[in-house]
Amino acid sequence: MSKIINKREEKILQAKKLNGWDTVLKLLDQEFENSLRQDSRYHLTSLNKIVSDDGKYTELIELIPSEIFNPLDNLIEIERNKTLYKALKSLSCSEYKLFVNRVEDKKSFRQLATELGISDKTAKARFEKIRLKLQEELHLMGYTDVL
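What follows is the structure, encoded as structure tokens:
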């Protein structure tokens with residue numbers, strides 16, 4: 017054991033003999049408290065850290081959204097995907113390709129124009145037309161805040 021640990025053990029034994037249980041508890045927590053100070057020096061924090069949230073004290077981990085399976089969220093996601101799939105099915109092949117390349121593949125209008133053999137302004141205009149078409153389709157299906 018190191019000198020520091022030996023000294024701490026001696027102080028614990030002395031405090032125990034004198035019934036200084038507050039001192040004993042403080043000495044037992046000292047190593048943990050020191051590790052927390054070391055962590056803060058490196059900008060680390062524990063998820064068990066007590067924080068104030070709207071005047072209430074809670075552990076930091078309680079503020080992190082859970083990724084645990086939630087059947088209701090899963091059902092909502094499935095229904096949303098079905099609706100989006102149905103709306104995308106209403107597009108022609110060329111409209112679908114242009115829309116997916118822009119949204120999913122994050123291609124620029126210039127790249128899309130080159131692939132389709134049209135100008136970049138035409139590609140942008142077609143994309144906007146497709147987006148509005150999908151927006152109307154989704155609005156008819158009951159979705160108002162999509163696209």
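In this note's numbering, the protein residues as written are 17 to 163. Every residue, glycine too, gets a C-beta built ideally from N, C-alpha and C. Bear in mind the structure is a predicted one, so any value in this text is a computation, not a measurement.
Status (buried if at least 16 other CB within 10 Å, exposed otherwise) for residue i
i             : result
arginine 53   : exposed
leucine 128   : buried
alanine 141   : exposed
glutamate 169 : Outside the displayed span of the chain (17 to 163) sits residue 169, for which this structure offers no information.
leucine 150   : buried
glutamate 153 : buried
arginine 126  : exposed
arginine 118  : buried
Residue i (DSSP reduced to helix, strand or coil)
i            : result
tyrosine 159 : coil
lysine 145   : helix
leucine 138  : Strictly speaking, residue 138 in this sequence is threonine, with leucine absent from that position. Helix.
leucine 150  : helix
Residue range of the alpha helix (DSSP H) that includes residue i
i             : result
glutamate 49  : 37-57
glutamate 111 : 109-119
First through last residue of the beta strand (DSSP E) which encompasses residue i
i             : result
threonine 130 : Premise fails: threonine 130 lies in the alpha helix (DSSP H), 125-132, not in any beta strand (DSSP E).
glutamate 83  : Taken as a continuous stretch (DSSP letters only), glutamate 83 belongs to no beta strand (DSSP E), as it is neither H nor E.
threonine 99  : Element bounds for threonine 99: not the beta strand (DSSP E) but the alpha helix (DSSP H), 87-105.
glutamate 26  : Segment 19-33 is the alpha helix (DSSP H) holding glutamate 26; no beta strand (DSSP E) there.
Segment contact flag, the stretch 135-149 with the stretch 104-123, C-beta cutoff 8 Å, min 3 pairs: yes
Do the stretch 18-28 and the stretch 41-50 touch if we need at least three Cβ pairs shorter than 8 Å? yes
Measuring CB atoms only, is the stretch 48-64 touching the stretch 29-39, in the sense that at least three cross pairs come out at less than 8 Å? Contact between the stretch 48-64 and the stretch 29-39 is absent, because fewer than three Cβ pairs lie under 8 Å.
Any contact of the stretch 77-97 with the stretch 118-127, i.e. 3+ C-beta pairs under 8 Å? no
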